[in-house]
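Step one of this worksheet: look at the structure below.
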Amino acid sequence: MNAAIRPRLTLLNDGLVGSIIDEAFSLLENHGIFVENENALKLLGDSGAKIDLKSQKAHLGRSLVENALTTTPSEIRLYDRTGETSFVIGGDNVHFDPGSAAVSILDPETQSERKPVTRDLIRFFRLAETLTHIHFQSTALVSADVPHDMADAYRLYLGLREANKPFITGTFRVESFAPMREMLTAIRGSAAALAEKPLAVFDACPSPPLKWSRLTSQSLIDAARAGIPSELISMGMTGATSPVTIAGTLVQHTAENLCGMAICQAARPGAPVIFGGSPSSFDMRRGTTPMGAIETMMIDAGYAQVGKALGMPVHAYMGLSDAKTLDAQAGLESALGAVLAALAGVNVVSGPGMLDFESCQSLEKLVVDDEICGMAYRLLDGISRRDTPLALDIFKTLGEDMSFLTHEHTRRLYRSEHTMPRLADRETYEAWVASGRKTMADRAREDVERRLSGFAPSPPEDHKAAAIREIMAAYARTCGLDTLPDEA
Amino acid sequence: MTEEKLFDAMQEAVVSGDKLRARSLAEEALGLGIDPARIMEKGYIPGIQKVGDLWEQGEYFLPELITSAACMKEAMEVLRPALLQGGRAASPEGAVVIGTVEGDIHDIGKNLVASMLQANGFEVHDLGADVKLERFISEAEEKRAEIICLSALLTTTMLNQKRLIGLLADKGLRDRYGVLVGGAPVTRAWAEQIGADGFGANAPDAVRAAKAIAADVKKRREHVERDPR
């Protein structure tokens, strides 16, 4: 069998990629970038950057950045909780994970957004475990029943308890990094084992334009030293916090990410870093950040191409929607994003389940999006030459009834050549009416309950579960909480 | 240029977003001895009102809106000394302190509202982003503001809008100030829930709300002064 060509989306010609990278280098060197973190400034200074401590501005020369790139791994291996299964983040591999850090959940009963609580997080993690095409978990919901100061660590704690898949996560405050790292270390057994087999990626967002905050710079440094991969999430908004043109925004995006990469490499050469982002086309009417805009997706595919040209693994927020409920807009924006991300070879695609500008998660949408991701994967498999000749022999051996249905060739290959939807409606009109005129959202609701009722929890070994609970409880006490909600 | 023509040109400068011209026309008008309050009233205010209308009609978007607000600022810089000299209020609508609440570094929305408030006759004291709650109150006291405007882009920092209202109450100052809240996750329901005086869904909406609140606060204060308890 001859391998199929990999379908590919390419938006930038080589000249444009070169100009974007050149201008990004020039921005870093001449214009400079704000780094509001003394540790990071010192690290960059030691690597040869020109630092003005008073204005907290760093000027990074081209050779500094190019040297840092040479120690940045071009691919990263992420391992699940058991440490047995690994996922390569690099090349043209595509892994989907739920859009992260939603502060609301779409309640399936009321169809309104509300604050998520512990029970919602547990249901979400369990559901994501059952979804074939969602390779990674993310700390997708922020639990509102704990103090905000510990909410970042708490979502990871519940996740590690409930889920086996690797995690995309991040900190909301500098202090939370230590307990989060300790929990990951407890699961792996030692700091060395965690660095050997990373279990979670930490997101860190610069503040556009051209600024790395105290929190995010520190996250980069801490993660680099612990061998935890960082995902750089630049997020310019065209015409508001970055140039209005897509190409101009790509320059700024590249500069911000390169600075983040340089901080990681200065903290520890060889530190794993992902060239990611969550930029958006800025809505000039409402001042909102539409993730479902085609221009947003074009920026994403564009910087993915730049990140690849720089030899780094890439990430994007795609496969999500700005719709407020599971409607046609939710389907169209999520499908468009997931498919374009897959075609662009984005290694980590964060988005499934997400609604309302990255602020809301929906379990029902997550199962729909899993189906979308399955279609995207099928598309990536392309059209292959399974037989030679392609069809002539089949016609030779076709019976008198001329039926392909009964042909051995059909039976042998239909399952691998075609995918079957679980949720999309393919009934006749009469059958659809007879079964209660259910919409995709209705079927998704049923699917969520079916999956959750059949879910068999696989908690970590007792001593590990006890260890992460102890770390979490101790951190909770420093945040003024004596009893974790999941004990109730 | 006749007075009429000057006023038309001012309106045109604001509508088209020509900052240099907005400034030079104000200088020219002052040079001709035209009353600065009249310049505002006949020249610039109709301009920014027209911009508001164009926004309502869906003709204008944020870049036009904010550039026109910047034109108003240019003109005001020229006119303010003359207004003050004549004993006139440079900002007839009242004074506001505005900022993004502590823990939140997002400031686009806040900046939009600040420029629109200024363009519409408010004296605006922009405290920036990540502003401590205590500071909103001390600045409001110092600047004798009518309104405290609180922006929050995160649902987590949104809680600080509620805390500020509690803090005002603790200090016995709740009735002295109007509190206007806004930001991406902020809704009318949230504003009502926390007992804010108003809510701005977008910059022009915030201006509308601020005008109503300022009038209300002034009335409240007069009432308190007449009837001290």
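Chains A and B are the protein sequences, given in the same order.
So in numbering that gives the first Met the number 0, spot 27 of the first sequence is number 26, and the numbers just go up one at a time.
So in numbering that gives the first Met the number 0, spot 80 of the second sequence is number 79, and the numbers just go up one at a time.
We put the beta carbon where it would ideally sit given N, CA and C, even for glycine.
Computed from a prediction, not measured in an experiment: that's the story for all the values here.
Straight-line gap, residue i to residue j (C-alpha atoms, nearest Å)
i: ARG220 (chain B); j: MET236 (chain A); result: 42 Å
i: HIS105 (chain B); j: HIS124 (chain B); result: 17 Å
i: ARG267 (chain A); j: VAL14 (chain B); result: 54 Å
i: SER383 (chain A); j: ILE4 (chain A); result: 8 Å
i: ILE470 (chain A); j: GLN217 (chain A); result: 21 Å
i: LYS164 (chain A); j: TYR78 (chain A); result: 8 Å
i: HIS314 (chain A); j: ILE262 (chain A); result: 18 Å
i: ASP386 (chain A); j: GLU399 (chain A); result: 22 Å
i: LEU257 (chain A); j: GLY17 (chain A); result: 15 Å
i: VAL50 (chain B); j: MET290 (chain A); result: 29 Å
i: TYR474 (chain A); j: ALA39 (chain A); result: 26 Å
i: TYR43 (chain B); j: PRO203 (chain B); result: 17 Å
i: GLY94 (chain A); j: GLY46 (chain B); result: With the sequence shown as reference, residue 94 (chain A) is identified as His, and Gly is not the correct amino acid for it. In a straight line, the C-alpha of HIS94 (chain A) is about 53 Å away from that of GLY46 (chain B).
i: THR248 (chain A); j: MET260 (chain A); result: 18 Å
i: GLU55 (chain B); j: GLU11 (chain B); result: 18 Å
i: PHE33 (chain A); j: SER206 (chain A); result: 9 Å
i: HIS422 (chain A); j: ARG442 (chain A); result: One point to set straight first is that residue 422 (chain A) is Leu, not His, in the sequence displayed. So the alpha carbons of these two residues sit roughly 6 Å apart.
i: GLN251 (chain A); j: LEU209 (chain A); result: 7 Å
i: VAL206 (chain B); j: ALA69 (chain B); result: 15 Å
i: ALA465 (chain A); j: ALA190 (chain A); result: 18 Å
i: LEU42 (chain A); j: GLY16 (chain B); result: 45 Å
Close-in-space but distant-in-sequence residues of the same chain around residue i (CB under 7 Å, 5 per side omitted)
i: VAL180 (chain B); result: LEU149, GLN160, ALA190, ALA195 and PHE198
i: GLU230 (chain B); result: As shown, chain B starts at 0 and ends at 228. That puts residue 230 (chain B) outside it, with no answer to give.
i: LEU342 (chain A); result: PRO6, ARG7 and LEU8
i: ARG476 (chain A); result: none
i: GLN264 (chain A); result: ALA67, THR70, THR71 and ALA270
Residue i - DSSP class collapsed to helix/strand/coil
i: LYS210 (chain A); result: strand
i: GLU27 (chain B); result: helix
i: ALA195 (chain B); result: coil
i: ASP51 (chain A); result: strand
i: ALA487 (chain A); result: In this predicted model, ALA487 (chain A) has a pLDDT of only 49, less than 50, meaning its place in the structure is not dependable enough to derive any value.
i: ARG228 (chain B); result: For ARG228 (chain B), the predicted model reports a pLDDT of 47, less than 50, meaning its position is unreliable; a value from the coordinates is still stated below. Coil.
i: ASP392 (chain A); result: helix
i: THR138 (chain A); result: coil
i: GLN84 (chain B); result: helix
i: MET353 (chain A); result: strand
i: ALA94 (chain B); result: strand
i: GLU161 (chain A); result: helix
i: GLN110 (chain A); result: coil
i: LEU379 (chain A); result: helix
i: GLY32 (chain B); result: coil
i: ILE4 (chain A); result: coil
i: ASP384 (chain A); result: The sequence shown places Arg at residue 384 (chain A), rather than the Asp named in the question. Correct three-state label for ARG384 (chain A): strand.
Beta-carbon contacts of residue i that lie in its chain and below 6 Å, excluding the five residues immediately before and after
i: ALA28 (chain B); result: LEU5 and ILE38
i: ASP144 (chain A); result: VAL116, THR117 and PRO484
i: ALA225 (chain A); result: ARG180
i: GLN192 (chain B); result: none
i: ARG79 (chain B); result: ALA89
i: ALA199 (chain A); result: PHE166, THR168 and LEU183
i: GLU230 (chain A); result: VAL200, ASP202, ILE273, GLY275 and HIS314
i: VAL345 (chain A); result: ALA303, VAL313 and ALA315
i: ALA223 (chain A); result: CYS263, ALA266, ARG267 and ALA270
Beta-carbon proximity list for residue i, same chain, < 8 Å, skipping 5 on both sides
i: GLN360 (chain A); result: PRO97, GLY98, ALA101, SER103, ILE104, LEU105, PRO115, PHE123, ALA139, LEU140, GLY352, MET353 and LEU354
i: ALA487 (chain A); result: Interpretation of ALA487 (chain A) is limited by its pLDDT of 49, a score under 50 that renders its predicted location unreliable; the figure taken from the coordinates is listed afterwards. Excluding residues within five positions, none has a Cβ falling inside 8 Å.
i: ARG228 (chain B); result: Here ARG228 (chain B) scores only 47 on pLDDT, less than 50, and its place in the model should not be relied on; the value that follows carries that caveat. Excluding positions up to five away in sequence, the list is empty.
i: LEU489 (chain A); result: With chain A covering only 0 through 487, there is no way to say anything about residue 489 (chain A).
i: GLU26 (chain B); result: VAL77
i: LYS72 (chain B); result: SER114, GLN117 and ALA118
(message) Count Cβ pairs between the segment 283-296 of chain A and the segment 47-62 of chain B that sit closer than 8 Å; are there 3 or more?
(response) yes
(message) Extract the residue ranges of the beta strand (DSSP E) inside the segment 97-168 of chain B, only unbroken runs of 3 or more that lie entirely within it.
(response) 121-125 and 146-150
(request) Could you tell me whether the segment 157-173 of chain A touches the segment 1-9 of chain B, where touching means 3 or more Cβ pairs closer than 8 Å? (result) no
(message) Any contact between the segment 367-382 of chain A and the segment 331-347 of chain A? By contact I mean 3 or more CB pairs, one from each, below 8 Å.
(response) yes
(message) Check whether the segment 363-372 of chain A and the segment 437-456 of chain A are in contact - that is, three or more C-beta pairs closer than 8 Å.
(response) yes
(request) Tell me the start and end of each unbroken alpha helix (DSSP H) in the segment 34-76 of chain B that is at least 4 residues and wholly inside, in chain order. (result) 35-38 and 44-55
(message) Check whether the segment 67-76 of chain A and the segment 296-313 of chain A are in contact - that is, three or more C-beta pairs closer than 8 Å.
(response) yes
(message) For the segment 34-53 of chain B against the segment 147-163 of chain A, do three or more pairs of beta-carbon atoms, one drawn from each stretch, fall closer than 8 Å, so that the two count as touching?
(response) no
(request) Could you pull out every unbroken alpha helix (DSSP H) segment of at least 4 residues lying fully inside the segment 186-253 of chain A, listed in chain order? (result) 190-195 and 213-225
(message) Extract the residue ranges of the beta strand (DSSP E) inside the segment 278-348 of chain A, only unbroken runs of 3 or more that lie entirely within it.
(response) 314-316
(message) As an exercise, report each continuous alpha helix (DSSP H) stretch of at least 4 residues that is fully enclosed by the segment 46-103 of chain A, in chain order.
(response) 61-70
(request) Say whether the segment 57-67 of chain A touches the segment 20-33 of chain A, bearing in mind that this needs 3 or more beta-carbon pairs closer than 8 Å, one atom from each stretch. (result) yes
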